[in-house]
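Chemist:
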Amino acid sequence: MIKKVIKYGLLGTTVFVASAVYHLPASIVLSYAPMPRELALDGTTGTIWQGSAQNVRVQNYSIGDVSWQFSWSSLMTLSPEYAVRFGRGSALGLSGRGNLGVGMSGAYLENVLASIPADTVVQYAPVPVPIKAGGQLELAIKSLNYASPWCASGDGSLSWNAVYRITDWQSWPWSDYC
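Be aware that the sequence shown starts at 0, since it is given in numbering that gives the first Met the number 0, and climbs by one per residue.
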């Protein structure tokens, strides 16, 4: 009789703890997580398994809303991974998506596509001549493995689509030559 009570008590406790972890709000987890000073999250909703944060800022640049979805199948490979989308409402016009995870060799990114207007990049880049650029800069990261303080390895590309630039001298469609 006492063995049954202990068995059911342990089962009930296990179910309770598992349910508490599964339904734990992301805002509580993030309030205790060590965060870089350059990162600020407002309006966190959902759980650590699926949720979003509104008005995410990195070094005081707003990258808009960020949403995440945990990939349960990634547990099979012992590399927890999230599908992440970012940029909705970004003041910079930045948008993108990709997979973020932690494997045996550290943090990694896979299949990341990010896009930002070229004129936004020109505003923040030190250019010696007055220039106005158009089109979209698109970053595609096939894989990137992080090793402190930089990346250990990576594979990707940066492209400038619908290219044009205007200076005081002329307007030239660079896409004819790139």
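Ideal Cβ placement from N, Cα and C applies to all residues, glycine included.
Nearest to Leu157 by CA position, among Cys150, Lys141, Gln58, is which residue?
Modeler: Lys141
Chemist: Going by other Cβ atoms of all chains shown within 10 Å of its Cβ, with 16 needed for buried, is Tyr123 buried or exposed?
Modeler: exposed
Chemist: By the three-class DSSP mapping on this structure, what secondary structure does Ile47 have?
Modeler: coil
Chemist: Do the CB positions of Ala113 and Glu137 come within less than 9 Å of each other?
Modeler: yes
Chemist: Which ranges does the alpha helix (DSSP H) cover as unbroken runs of at least 4 residues, wholly within the stretch 95-128, from first to last along the chain?
Modeler: 117-123
Chemist: Per DSSP, what kind of secondary structure is Gly155 in: helix, strand or coil?
Modeler: Under the three-state reduction of DSSP output, Gly155 falls in the strand class.
Chemist: So which of Ala90, Thr76, Arg84 has the shortest CA-CA distance to Gly102?
Modeler: Thr76
Chemist: Beta-carbon within less than 8 Å of Ile47's beta-carbon, same chain only, minus the 5 sequence neighbours each way: which residues are those?
Modeler: Leu23, Ala25, Val28, Phe69
Chemist: Would you please state the rounded distance, in angstroms, between the beta carbons of Ile62 and Ser89? I believe it to be under 8 Å.
Modeler: 5 Å
Chemist: Check the DSSP bridge columns for Leu143 and list the partner residues they point to.
Modeler: Leu108, Gly153
Chemist: Note down the Cα distance separating Ala52 from Trp67, rounded to an integer number of angstroms.
Modeler: If you take the alpha carbons of Ala52 and Trp67, they lie about 9 Å apart.
Chemist: Looking at the unbroken beta strand (DSSP E) that takes in Gly63, where does it start and where does it end?
Modeler: 60-70
Chemist: With 16 as the cutoff for other CB atoms within 10 Å, does Val162 come out buried or exposed?
Modeler: buried
Chemist: Counting only the same chain and skipping the five closest in sequence on each side, list residues whose C-beta sits under 7 Å from that of Thr119.
Modeler: Leu91, Gly92
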